[in-house]
Each structure stands twice: as C-alpha cells, then as structure tokens.
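See below for the structure under consideration.
Numbering (this note's numbering), first residue to last: 141 to 428.
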C-alpha cells in the first residue's frame, strides 16, 4: 500500500516536471499595415526660375505661389513698419541750427525780442525733448498657428495646381496667321483660307458691288479639332458695315471646316485663325 502511494506521488511529480519544462509559445505580434504616402508634384519646367525660393529634385515655377505668399505674409508686418516710420524725422538738430544762426546774423534784435526767461518758464521748451524720445517697442508679431499654416499651404498648393492646368490649356491652343511656318498648321491654314475665299467670292455682297465698296478688315476665328467654329470677331473694322458683315457671313457659310490632321490633333484642341480680308471691286475677295 505504501509502495503504491509512493509510486503514484513519483508519477505525478514526473508529469508535473515534464509539463513545466515545455516552453510557452507566444503568438507573434501582428504586422503594422502598410503606409502609402502621396506627394503632389507640379509639372516640371525645362527653364529654371531666376530667383528660386527652395531647392527641389526638378525645376518648378511658382510665381502665383510667391505672389500669394507675399499677400498672406506682408499684411502681418506692415502695421509695425508704419508705426516706426514717423519717429525717424530728426526735429531737434534743425531747431538747434536755427538757434545757432540767429545770434550770428542779428545779435542785437535777439537780445531785445527774446529776453531770458525766468526759471519757472523754462519748462515750456520740453515738447522738443518729447519728440526726441524713442517710441515704445512694437509688440512682437504673433506666430502663425499650425492650423493657419496648414490652410495657407493648402491654398498655395491649390493655386499652383490651378496655374499648371491653365498653362496646359494654353499649350493646347494655337494661333495661326499668315506668317505660320511650314508644317501641318500651315497646310491647314492655307486650305482654310482657300475655302473662305471661294465661298466669299460666290456670295460677294451685291450692295458692295453697287456702291463700288472696297476695304480691308482683320477677322479672328476660333475653330476646334472637328472643324466647328467656336467664335469669331472683327479685330479691325473696314469702316463699312456691309463688308464686316459679309466676312462673318462667309465664315458661317463655309463652316464646318476640315477636322485637324492627326499631327495637329495630338498637340492642339483649338486654333485661332487671324487673317486680313481684302474686298476689291472687280477683283473680289482675298485673304492675307
């Protein structure tokens, strides 16, 4: 009986030692979620700015940002400068010089007209000393809070982005004149002019023929990539309403024009065609 009890105790102790000797496994800590950082970078400029404010990986022009920064920061400094400027004018040296010159020129009149004042009245001259006193120091400028600084930064970034979009829109617009160099733009300009001249001579105004009117005008026409007329206006009038109206009617009759060729469509969304229209009796219409 005692042997059985001893064997049972030894067996329990052996099992307890075996359980305690096993290492306790700790579950690994979860990995932190990945962090994605997004930076907005304006369009890179090929020409570096003349007076850069910062150094970056690429050239960037931020004229609007500099102007906005000047508008936001300068109003905080100007009140201090305006308060400090009135105290710069020296008043006492001029009075002292005048007092030194007066006894040299009229010593007798000075003694008669300005007798020495008694001791009790000498305190009336102290306003000049009051002017010489330095103004109290201006209160220190209050620093911008983090919220205001963040709002200013966001506003500047929005203006930079807006300016970049405007520049991109302007880059997609081309102005064609008679001085256009060789290329798809020149070919399109020539074909456009030939069409309006043909339509204009067919629909030459009868009133201009009867009155034997002649003149020249400058017409500006905006055409999109599909050949549709977006707008037109007379930049320089011929002096005759009949001729100005005939030029505009000719453009509407000739529309729509040919779509842009693939080379122009890749670069431009619109073109502005500026031509000089010449009406000559007997010769008809021609553009230059």
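Ideal placement from N, C-alpha and C gives every residue a C-beta, glycine not left out.
Taking just the CA atoms, how far does residue j sit from residue i?
{"i": "residue 356", "j": "residue 349", "result": "15 Å"}
{"i": "residue 159", "j": "residue 148", "result": "17 Å"}
{"i": "residue 342", "j": "residue 367", "result": "21 Å"}
{"i": "residue 324", "j": "residue 393", "result": "24 Å"}
{"i": "residue 143", "j": "residue 152", "result": "14 Å"}
{"i": "residue 380", "j": "residue 312", "result": "35 Å"}
{"i": "residue 319", "j": "residue 331", "result": "15 Å"}
{"i": "residue 427", "j": "residue 340", "result": "10 Å"}
{"i": "residue 328", "j": "residue 359", "result": "17 Å"}
{"i": "residue 333", "j": "residue 351", "result": "26 Å"}
{"i": "residue 424", "j": "residue 402", "result": "34 Å"}
{"i": "residue 365", "j": "residue 171", "result": "54 Å"}
{"i": "residue 145", "j": "residue 157", "result": "18 Å"}
{"i": "residue 347", "j": "residue 338", "result": "19 Å"}
{"i": "residue 326", "j": "residue 287", "result": "54 Å"}
{"i": "residue 168", "j": "residue 155", "result": "29 Å"}
{"i": "residue 314", "j": "residue 378", "result": "26 Å"}
Look at the Cβ atom of residue i, then the Cβ atom of residue j, and state whether they are nearer than 9 Å.
{"i": "residue 397", "j": "residue 408", "result": "no"}
{"i": "residue 369", "j": "residue 395", "result": "yes"}
{"i": "residue 336", "j": "residue 410", "result": "no"}
{"i": "residue 353", "j": "residue 413", "result": "no"}
{"i": "residue 345", "j": "residue 383", "result": "yes"}
{"i": "residue 361", "j": "residue 405", "result": "no"}
So who's on the other strand from residue i, going by DSSP bridges?
{"i": "residue 360", "result": "373, 414"}
{"i": "residue 287", "result": "Answer by DSSP bridge pairing: none, since residue 287 is not bridged."}
{"i": "residue 317", "result": "Paired residue(s): none; residue 317 is not in a bridge."}
{"i": "residue 323", "result": "For residue 323, which the question treats as bridged, DSSP gives no partner whatsoever."}
{"i": "residue 355", "result": "419"}
{"i": "residue 426", "result": "418"}
Where does residue i fall in DSSP's three states?
{"i": "residue 154", "result": "helix"}
{"i": "residue 390", "result": "helix"}
{"i": "residue 146", "result": "helix"}
{"i": "residue 341", "result": "helix"}
{"i": "residue 397", "result": "coil"}
{"i": "residue 409", "result": "coil"}
{"i": "residue 368", "result": "coil"}
{"i": "residue 402", "result": "helix"}
{"i": "residue 378", "result": "coil"}
{"i": "residue 171", "result": "coil"}
{"i": "residue 312", "result": "coil"}
Nearer than 8 Å: is that true of the beta carbon of residue i relative to any heavy atom of the ligand SAH?
{"i": "residue 355", "result": "By its list of ligands, the structure shown contains no ligand whatsoever, and the ligand SAH lies outside what it can speak to."}
Original post:
Just checking, does the stretch 384-393 make contact with the stretch 362-373 on the three C-beta pairs under 8 Å criterion?
Top reply: yes
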